[in-house]
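Colleague: Just dropping this structure here.
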Amino acid sequence: MKEVYAHLLELLEAGQECALGLVVETQGSTPQKPGAQALFLRDGRVIGTIGGGCLEMESRRRALLSLDNGQACLFDLPLSDDFGWDDGLICGGMARVFVQPLHREQEPLFRRLEELRAQRRPFVEALLLAGPLPEWVGRRCLLDGQQVFASELPSEFLPCLLAGAAKAMERETPGVEEVRHGPQVWRVYFHPHLPHPTLLIAGAGHIGRVLGHLGALIGFEVVVVDDRRDFANRLRFPEAKEIVVDDIATALARYPVDEDTYIVIVTRGHRHDAAALRACLASPARYIGMIGSRRKIHLIFRQFLEEGIATPEQLARIHTPVGLNIGAVTVEEIAVSIVAELIAVRRRGHADSVSSMRASHPVQWEKLQEILRPAISRSLERV
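Note that the numbering used here has the sequence shown beginning at 1338, numbered continuously upward.
Following this line, the structure appears as structure tokens:
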């Protein structure tokens, strides 16, 4: 989506015609979910995707038609063999797609949209899909449930959108709502734009490099921390939002970690891992994961408890060994296993770390607890 909006602004600034295809609703199995979108240009280029195959082909046909007649359209496309498609995209569901020609006059609203995203402001994009006034179809409003940031709609219509926007912010997924404005009934698409979570990678080595690429690919804003400039640089991490060359523990302690930050510790050694973990233990990070063998984990946890650096509760929330147990061996496979765990936590909410570890790793947690029990007892005696 980020790529689509960036290209859209460039096209509008250049005065180039394009049409937007947007999946607004689905039923059953479909190649894409609500929110998927693509730009269709007259020269045949497609920026983004709404699912490929027959869905994209039909959307492109209607997009070119909309560029000719200047009209937006809303259509349903069955994705089953009964419909006669022969491209292999037989999902069995149905996709509802909105296609709209876009013009230079709409540039201010989309520029404001990008500004809000850059400021990490949560907001909702409300789009009128269908209603009694054809000239209003395709108009947008940017709001957050309390205030309006930009709008192509009359001011008297805006209060009708607040409830739908608030609901979209709460569920964090796009959806279509029926909105009443006096005697008028409108179908409105509400799309929440929420700040991308931050993936803070401590360690710019081989695993960190692949992890940075995969993290950016799935929508994280990647920040890399390492004290080696030869490793922490733009050449190795072209997709990183920020690269910090500094003592790893110092940089982690200074970084503004919030509840939407995911920290992965993959430094070059035991000492650096321990220092990095110590620096972020008390942070409000949604996820903290640390790579390492069972032996290293035992040593670090025992040290932290004996020295009063951490409580048992703080250590219990650490995902270690990091990543889901998929039998990963290579650097790339290990990075994939870590990303899989990040997705699981992101989509399912705060995971019960110890239970998650037991389920995903062949780690002897009962043995670990037995080994650490004396240190835990001494830690509790200090309280």
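The beta-carbon is built from N, C-alpha and C at its ideal position, and this holds for glycine as well.
Tell me the rounded alpha-carbon separation between Leu1548 and Asp1595.
Modeller: Roughly 20 Å between the two C-alpha positions.
Colleague: For Asp1610, name the three-state secondary structure that DSSP assigns.
Modeller: The answer is helix: DSSP assigns Asp1610 an H, G or I state.
Colleague: Answer with buried or exposed for Asp1563, where buried requires no fewer than 16 other C-beta atoms within 10 angstroms of its C-beta.
Modeller: Buried: at least 16 other Cβ atoms inside 10 Å.
Colleague: Which ranges would you report for the alpha helix (DSSP H) in the segment 1435-1468 if only whole runs of at least 4 residues count?
Modeller: If we require 4 residues or more, the alpha helix (DSSP H) runs fully inside the segment 1435-1468 come out as 1444-1455.
Colleague: Any chance you could list the beta strand (DSSP E) runs of at least 3 consecutive residues sitting entirely within the segment 1537-1613, in chain order?
Modeller: Counting whole runs of 3 or more residues, the segment 1537-1613 contains the beta strand (DSSP E) stretches 1558-1563, 1579-1582 and 1598-1602.
Colleague: When burial is assigned at 16 or more other CB atoms within 10 Å of the CB, is Ile1625 buried or exposed?
Modeller: Classification of Ile1625: buried, given that the 10 Å Cβ count is 16 or more.
Colleague: Counting only the same chain and skipping the five closest in sequence on each side, list residues whose C-beta sits under 8 Å from that of Val1560.
Modeller: Here the set comprises Thr1535, Leu1536, Leu1537, Ile1538, Ala1577, Lys1578, Glu1579, Ile1580, Val1581 and Tyr1592.
Colleague: Check whether the segment 1627-1639 touches the segment 1597-1614, counting contact only when three or more Cβ pairs, one atom from each stretch, lie closer than 8 Å.
Modeller: A contact exists between the segment 1627-1639 and the segment 1597-1614.
Colleague: In the DSSP assignment, find the beta strand (DSSP E) that holds Ala1356 and state where it starts and stops.
Modeller: Counting along the chain, the beta strand (DSSP E) containing Ala1356 begins and ends at Cys1355 to Gln1364.
Colleague: Taking the continuous beta strand (DSSP E) assigned at Phe1494, which residues delimit it?
Modeller: First-last for Phe1494: undefined, no H or E at that position.
Colleague: With distances taken Cα to Cα, identify the nearest neighbour of Pro1575 among Asp1583, Leu1551 and Thr1587.
Modeller: The option with the nearest alpha carbon to Pro1575 is Leu1551.
Colleague: Arg1397 and Phe1377: beta carbons closer than 7 Å?
Modeller: In this structure, Phe1377 lies closer than 7 Å to Arg1397 by Cβ.
Colleague: Note down the Cα distance separating Arg1571 from Leu1446, rounded to an integer number of angstroms.
Modeller: Straight-line Cα distance between these residues: approximately 32 Å.
Colleague: Under a three-way DSSP split, which group does Ala1681 fall into?
Modeller: Note: Ala1681 maps to helix in three-state DSSP.
Colleague: Measure the CB-CB distance between Ala1588 and Leu1618 and report whether it falls below 7 Å.
Modeller: No, the Cβ-Cβ distance between Ala1588 and Leu1618 is not below 7 Å.
Colleague: Run through DSSP, which three-state label would Ser1405 get?
Modeller: The identity of residue 1405 in the sequence shown is Asp, whereas the question assumes Ser. Correct three-state label for Asp1405: helix.
Colleague: From Arg1508 to Glu1678, what distance separates their C-alpha atoms?
Modeller: Cα to Cα, Arg1508 sits roughly 22 Å from Glu1678.
Colleague: Spatial neighbours of Gly1352 within its chain, please: C-beta separation below 6 Å, excluding the five flanking residues on both sides.
Modeller: Closer than 6 Å at the Cβ level, and outside the excluded window around Gly1352, lie Arg1441.
Colleague: Run through the DSSP bridge pairs and tell me what Cys1617 is partnered with.
Modeller: DSSP lists no partner for Cys1617.
Colleague: Could you give the distance in angstroms between the alpha-carbon of Glu1395 and the alpha-carbon of Arg1382?
Modeller: Near 15 Å, if we compare the C-alpha coordinates of Arg1382 and Glu1395.
Colleague: Classify Glu1393 as helix, strand or coil using the three-state DSSP reduction.
Modeller: Residue state, collapsed to three classes: helix.
Colleague: Can you say whether Gly1664 is buried or exposed, counting buried as having 16 or more other CB atoms within 10 angstroms of its CB?
Modeller: With fewer than 16 other Cβ atoms within 10 Å, it is exposed.
Colleague: Less than 7 Å between the beta carbons of Leu1499 and Ala1463, yes or no?
Modeller: It is not a contact, given that the beta carbons lie outside the stated cut-off.
Colleague: Does Glu1644 come out as helix, strand or coil in the three-state DSSP assignment?
Modeller: Coil at Glu1644, not helix or strand.
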